[in-house]
Amino acid sequence: MQPQLPHQQKNRRIKRLHKRKTGLPPGTLLYTGEKKSSEITVHRIAYNSTNYAEKIFTDGNKLNLEVPEDSVLWLNINGLHNEKFIESIGNHFGLHNLILEDILNVFQIPKAEEYPETDQFYITLNEFYIDDQGKLNRDQISLLLGKGYLLSFQEEEGDYFEQIRERLRTAKGKLRKKNADYLLYVLLDSIVDSYYIILDQYSGQIDVVEETIFEKKNTNHLETIHQLNKDMIFLRRSIAPLQEILFRLLKEDAVLIEDETRLFLRDVLDHVQQVVSQIDVDREFLADLVQTNMANMNSHLNEIIKLLTLISTIFIPLTFIVGVYGMNFESIPLLHQPNGYFIVWGAMILISVIQILIFKKKKWL
Amino acid sequence: MQPQLPHQQKNRRIKRLHKRKTGLPPGTLLYTGEKKSSEITVHRIAYNSTNYAEKIFTDGNKLNLEVPEDSVLWLNINGLHNEKFIESIGNHFGLHNLILEDILNVFQIPKAEEYPETDQFYITLNEFYIDDQGKLNRDQISLLLGKGYLLSFQEEEGDYFEQIRERLRTAKGKLRKKNADYLLYVLLDSIVDSYYIILDQYSGQIDVVEETIFEKKNTNHLETIHQLNKDMIFLRRSIAPLQEILFRLLKEDAVLIEDETRLFLRDVLDHVQQVVSQIDVDREFLADLVQTNMANMNSHLNEIIKLLTLISTIFIPLTFIVGVYGMNFESIPLLHQPNGYFIVWGAMILISVIQILIFKKKKWL
Amino acid sequence: MQPQLPHQQKNRRIKRLHKRKTGLPPGTLLYTGEKKSSEITVHRIAYNSTNYAEKIFTDGNKLNLEVPEDSVLWLNINGLHNEKFIESIGNHFGLHNLILEDILNVFQIPKAEEYPETDQFYITLNEFYIDDQGKLNRDQISLLLGKGYLLSFQEEEGDYFEQIRERLRTAKGKLRKKNADYLLYVLLDSIVDSYYIILDQYSGQIDVVEETIFEKKNTNHLETIHQLNKDMIFLRRSIAPLQEILFRLLKEDAVLIEDETRLFLRDVLDHVQQVVSQIDVDREFLADLVQTNMANMNSHLNEIIKLLTLISTIFIPLTFIVGVYGMNFESIPLLHQPNGYFIVWGAMILISVIQILIFKKKKWL
Amino acid sequence: MQPQLPHQQKNRRIKRLHKRKTGLPPGTLLYTGEKKSSEITVHRIAYNSTNYAEKIFTDGNKLNLEVPEDSVLWLNINGLHNEKFIESIGNHFGLHNLILEDILNVFQIPKAEEYPETDQFYITLNEFYIDDQGKLNRDQISLLLGKGYLLSFQEEEGDYFEQIRERLRTAKGKLRKKNADYLLYVLLDSIVDSYYIILDQYSGQIDVVEETIFEKKNTNHLETIHQLNKDMIFLRRSIAPLQEILFRLLKEDAVLIEDETRLFLRDVLDHVQQVVSQIDVDREFLADLVQTNMANMNSHLNEIIKLLTLISTIFIPLTFIVGVYGMNFESIPLLHQPNGYFIVWGAMILISVIQILIFKKKKWL
Amino acid sequence: MQPQLPHQQKNRRIKRLHKRKTGLPPGTLLYTGEKKSSEITVHRIAYNSTNYAEKIFTDGNKLNLEVPEDSVLWLNINGLHNEKFIESIGNHFGLHNLILEDILNVFQIPKAEEYPETDQFYITLNEFYIDDQGKLNRDQISLLLGKGYLLSFQEEEGDYFEQIRERLRTAKGKLRKKNADYLLYVLLDSIVDSYYIILDQYSGQIDVVEETIFEKKNTNHLETIHQLNKDMIFLRRSIAPLQEILFRLLKEDAVLIEDETRLFLRDVLDHVQQVVSQIDVDREFLADLVQTNMANMNSHLNEIIKLLTLISTIFIPLTFIVGVYGMNFESIPLLHQPNGYFIVWGAMILISVIQILIFKKKKWL
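Chains as they are written, first to last, in this note's numbering: chain A, 72 to 436; chain B, 72 to 436; chain C, 72 to 436; chain D, 72 to 436; chain E, 72 to 436.
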């Protein structure tokens, strides 16, 4: 994708992370996002190494929530605006009320929690995309791993996981032979992979800004840098907590995660660390560019003022001299001499030359 | 609420956190705040899943402090200016003298302490509100959890907890079925929720400042930013210690907190972390805006000086030329030629055009 | 106390923390401070819940150093300039040579050490005061807790502990009923309390600077801020290590400190943390004020340069025009027309009006 | 090597660390670098204290991968662009798929992993060099230690390890008598040694910039500093993680590393820490130089403006005076006096002298 | 010592810490410093509480390296440029090759290592001095503690330890009665003591800079501050790691260090911490001074520009007016009136007075 300068994207306001339902009793389920799709669709996939069944429901249909024996069940719920519907799914799988709250409260920083009583592991994280107006947007993805099943909740019907579904259908890779915890890894891996794409776009933008700064030195690029920095702060805040979560997850002995999957999750952690480290480097670059931009502007100002000083210091004394000979005294020396005019010119040229020589010596020219 | 620019709120001075009673022996009880309400009122609520009793006393009345069997007792004390009265309550419940000191010394940063001998858990934290003059204000709330009872102390009769009382009255939610530790959670949750509202107002103000900076580039917005930053520093300092307190509380095995409540407190901790992380992001934004504002002002200055230089460098030489022909020499070349005047004009126009072309080439125009 | 602007206190140099006795063998006892009082006085107090004996010795007198049975002995030594005398006290109580060195080397950052072999606990910390010239000063207080006795060493005869002595005399509070470790707590608490007073004075000064900055925007206040910042750095450095010391003291099981006293020491720790946190907030404020001051000065400069540009760009072209009509050509158009003068004036007024309109449009006026 | 100023190296863009294969299923092997050499060569060395065998294969040849008994096998693979070939080697030695991915994904920050099931230890790190255009470049080196063998993978056929091979051939040092883990140490040591060379070159460049800044005070050196800083950020990011990796490696009991080798690895860690500490110091220097440069430019600007002010304030009043006597009034005082002209000159000289004296007193000259 | 301003010490380049022998096999012994003394001298001292023997050898002599029974042997080696000689000493005492490398590689940051197999403890640290040209210099001191002996290696024959030798000779202090580990402490203590002297000199220089900044506000002092800061960065880097080393040494149970000596080493640690804390404070001061200096220069610039604006805005309009009456129109009003000249003067004075009043009101005068 062609990097696009962010100042062409006026006024993009980043959605702040907050919790809108203040004032309600804790435990009240309320979707805090916008209704992004008209209806909720549920993608039901059940697979094992030999069989694969896929079906799409909407929240109007009766849903089959049974976990089939010897198969992995993956329910992908698109759209969260129907709290009753989400609650009914939650109740069927015995989800703690706090999980349901977190799924619906879509302005979260990433978090993860193990629920040993129900043998469930819950993780929520963010997916990013840049919309048509060039604004950075965020979708919250919640993943719930249980025994033999995985629930994934997302705000709008995107195709984040279509590639994974395709691989399931064609039985490509070892995904079909593995358990639900491996599916969790695959989903996490695909989300973290998408961070690289977003970061690449920003890196491209930063490179463009950098080049522009060194080409158009007299321009103020801080508005552009400010927008980029704002997005980087936002990305860092929405991604960085993942590090600690995955680290904790790998340290503690979550029963649901098999040892082999643990190795893969460590790989995901490595990637998240790379992403965060890249964000930090980019932010350092931006801070550097702010300084460079300032210095360039100062340097440009110096040049302008130097010119002003040059012209002024040369011509102001000359103007004074011609003023002297414009006075209406009758007895001004040289005035009535035939060569007086040229002698005065000679003096003025001499003064100018001396001044220019002084400037040259002081390296101001 | 409509975000309001803080520079309309002149001279608001944040109450500093300190301890006024220096010089007194430790253990002396002294209320360090202002007397905010005329009399102290005590809200006494006793409830279990079936019964609910509510009564309001003042410090003049005789108070029933007995903890009823099979019920949860919640005493909400509004107003702290009568030290004797607070001490009498403290003595009845066997509160350590240090707790009483902390309750009355209302310039505290949040802290919590477990007293295993008396099976009590004490936590103090802050509630914020913006008053009529737009100033940020702070109330200290102290909560004491004991076996079967909860005491809450606040400086002035606010309606912080009215919603919770209403839920108790109507037996909404599971609050009535739970123990005093769950009530503690509900109170903490409601206080932390109110932080979101305060932060939302500040986020709104910051957005307004940001827009103004990019619209009125030649203005100094630093006074506004300074005020916002001051409030953010204050908020961070008054909220951030809560993180560590709750974290410690969840790690250690406080006997009074049931396992299930622990899960809810972790949720409160998540919210506090979100709030603090939002404050940090807002402060980074403000620091960014300071730089942007400075750069805008510099950029504006450059433009002005560029104009000055332009006008000066064009007209100063011209003025010199016309000065030359204003000299009273008789034998100035061209002076007595019929077209002399127009030749001089031609020369002057030529000089101006050349200067403008040079400026264009150097991209100063 | 009325806050006083520090720039009225010229040239106050903070005493640097260092060790003057370099070059001497380790173990050499040498007082590194100034001789602040003419003679050393020793305040000997022995008390229990029923009895109280107080006596003042000087270093000339024979000293009774015996620890009375069933009583707490408190020796308060004022003045350290007689190394022999201090050593004799140290030898009587079996103090390690390193302790004696630390007592006499009065440019210490706070430290604490337990000596399990001799059942002694040593802590040294600083007391601050602002002298007549408004300079910040520091006294080192060393406290040594032993079984049944407490030694306190200070450089000059101050009245830091007079209030505590008064309370001992009148048997106010529970101080008389407690052991020497409680006396240690009371002394620490009184010292930490005094930090609040110092900080309050600085907070007042910072407020004054803040107001002045926003009133006199064109002045450079950085010298004042620089002095305040220097004092804050000094205070932080001299107080902050106390946090870690008390923290360690509370964690480890110092045998000399009873469990109940431990609870009180935790309270002292809370206060030290509040003080340090207040210093940090004040330093952030000062850093903020530096930026605000800079921006105000820039903003003021912009205004001045704007005026210069305005006057120059309006009058320089006009001066050129009048110069044209001052040339001595005979055939200048308009010159000999009757209304020529007024036509030129009209043109000049027109040019000025157009320039002013352009400035207004560009919002430079 | 002669330090070379980086601004002579226009537009060098640092390769960003990222993972290009987003969108592919995890486990897909794909080389993410450029094809740097035409064919893959494999250096096969088998040695013990008495024997030494060396052979070079290309990816076209059939490879002998057997680990000889009583010998150490070292396979050095140059070039990674043939994924199939790398995979076949990996399969023979039982490498985990994640290792193969990491070997081929050459935009890694350093990492290390132990695989206890297969008794393998994997470490990847970076080698740096400055190419012909003066750009900083990076090669990824992956080392895999197994029982009796060591595999080293590098992107391009460099001579990083030729010295080590030479030492093996000539049986110099104790290398030939030791096991494969000592060879790992020798390779790591040689890579870390090369960091010193790179850093020396940058230190030289920084010294040149520093000198230039103090010689040509009126120039903007920020572009050069910006480029140096960018490289330092890049180096730090690519080297610093090695510290943690080696630290962990020394703490945990990796079975493959003998105790004696551990001591040598600690030495490598010391060197890495020195390198990183030197980078940090260099970055602090650069930050310092940015400030110094800015201040120098400001100082130069002050001088220029001082001159402008001097000339203007002296001549502007004088020009006004001569203008007065150029007015066409008939009755201007002094105008018709014989000495009038000289009296006016006297007044003008007086004014100039007074102004210059004032400037001198204010130390502006 | 009289503090000396560093800008009198042109061009002092700090020796960078690095390792010059890159390219050599690990284990090669090579002295990386300059040959500072013509020959290596070895100071051999053997002592116990009753006997004392001292002898000086050079590297040409045959050396007696035997550790005498019941005595402490201290070998102080001055000069490291003869690698063979150092190696022969190392071999006699069974030093690990890595120790020998570290002794000879004199661009080390401080480090310490225990070698339990040989019952040896190795520590290397830096000694600083300011040479005749006012440049900061560094010597590396390596100390090796073994059973009954201590080896000290230094680059050049200095008198760092002469005082200690004198104390040994005269049997002053308890040094003669103690073991080799106490000698180690005494040497460390003397080195750390010398840090105070260096820091005192820098503190003096910083005070001078501070005063100069507030006296000569219009000067750029950044070059001086830059040099001081560079030295402070260097000192910090060369001293700070000592903290961690001593801390680890005190925690772990190094068998060679007796419990009593441990107490003294803790005292050395306290001193190192004070030194590092003083360096940090000094660096904060320097950062503060940079800002103050900048602000002073800005403030000075403001004053100059204010003057320029004042003169210009007053005289430019006046010059225009006199220009008007210098035009050659015949019918200019007032021109032919007798009082015209004085009326114009009146108008000009009025304009000036009004402008000055406006300036006064705006507080620009």
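Built from N, CA and C at the ideal position, the CB exists for glycine as well. Please read these numbers as outputs of a predicted model, since none were measured by experiment.
Check, Outcome
"Against chain C: residues of the segment 324-338 of chain E by CB proximity under 9 Å", "Leu334, Phe335, Arg337 and Asp338"
"Below-8 Å beta-carbon distance, Lys377(A) vs any chain D residue", "yes"
"6 Å Cβ shell around His114(C) - same chain, five flanking residues per side excluded", "Ile127 and Asn147"
"C-beta atoms of Leu216(C) and Phe192(C) nearer than 8 Å", "yes"
"Range covered by the alpha helix (DSSP H) that runs through Lys155(C)", "Glu154 to Phe164"
"Contact between the segment 219-239 of chain D and the segment 290-298 of chain D (3+ Cβ pairs under 8 Å)", "no"
"Contact set between Thr195(A) and chain B, taken where Cβ atoms lie within less than 8 Å", "By Cβ distance, chain B contributes nothing, its closest Cβ being about 11 Å from Thr195(A), past 8 Å."
"Strand pairing of Asp210(C), partner residues [DSSP]", "Glu198(C)"
"Contact set for Arg209(C): own chain, Cβ-Cβ below 6 Å, skip 5 residues either direction", "Asn197 and Phe199"
"Ser265(D) and Ile235(D) closer than 8 Å at C-beta", "no"
"For Leu299(C) and Pro77(B), the rounded distance between their alpha carbons", "Because Pro77(B) sits at a pLDDT of 40, beneath the cut-off of 50, its placement in the model cannot be relied upon, and the following sentence gives the value as read from the coordinates. Rounded to whole angstroms, Pro77(B) to Leu299(C) spans 27 Å at the Cα level."
"Cβ-Cβ distance between Leu151(E) and Leu175(E) below 8 Å", "yes"
"Reduced DSSP secondary structure (H/G/I, E/B, other) of Tyr267(C)", "helix"
"Any chain E beta carbon closer than 8 Å to Thr103(C)", "no"
"Proximal residues of chain C, C-beta to C-beta of Tyr396(B) below 8 Å", "Met398, Asn399 and Phe400"
"Whole-angstrom distance between Ser309(E) and Phe178(E), CA atom to CA atom", "10 Å"
"Beta-carbon proximity check, Trp145(B) vs Leu254(B), cutoff 8 Å", "yes"
"Buried versus exposed, by CB contacts within 10 Å (16 or more), Lys249(C)", "buried"
"Chain-ordered neighbours of Ala366(E) on chain C, where CB pairs are closer than 8 Å", "Asn291, Leu293, Val361, Asn364, Met365 and Met368"
"Boundaries (first-last residue) of the alpha helix (DSSP H) holding Ala366(E)", "Asp330 to Val395"
"Candidates Leu166(B), Leu171(B) and Gly161(B): closest to Thr103(B) by CA position", "Leu171(B)"
"Closer than 8 Å to chain A by CB, Glu355(B)", "yes"
"Residues near Val257(D) in its chain [Cβ-Cβ closer than 7 Å; skip 5 each side]", "Ile235 and Leu246"
"Reduced DSSP secondary structure (H/G/I, E/B, other) of Ile310(C)", "helix"
"Closest by C-alpha distance to Asn410(B), when choosing among Met303(C), Asn364(C), Leu321(C) and Phe400(C)", "Phe400(C)"
"Closer than 8 Å to chain D by CB, Leu88(E)", "A caution first: Leu88(E) carries a pLDDT of 41, below 50, which makes its placement in the model unreliable, though a value can still be read off. By this cut-off, Leu88(E) is an interface position."
"Identity of the residue in Leu406(B), Leu317(B), Ile382(B) and Phe391(B) nearest Lys182(B) by Cα", "Leu317(B)"
"Three-state secondary structure (DSSP) of Leu239(B)", "helix"
"Length of the line joining the Cα atoms of Val138(B) and Ile194(B)", "20 Å"
"C-beta neighbour in chain C for Ala418(B), strict 8 Å", "no"
"For Asn82(C), three-class secondary structure by DSSP", "Per-residue confidence for Asn82(C) stands at a pLDDT of 32, beneath the threshold of 50, marking its modelled position as unreliable; the derived number appears in the next sentence. Asn82(C): coil per DSSP, three-state reduction."
"Reference Ile116(B); option with closest CA among Asn135(B), Asn162(B), Asp130(B) and Ser383(B)", "Asn135(B)"
"Local conformation of Trp145(B) per DSSP, three classes", "strand"
"Nonlocal neighbours in the same chain, by C-beta distance under 6 Å from Glu125(D), ignoring five residues either side", "Ile116"
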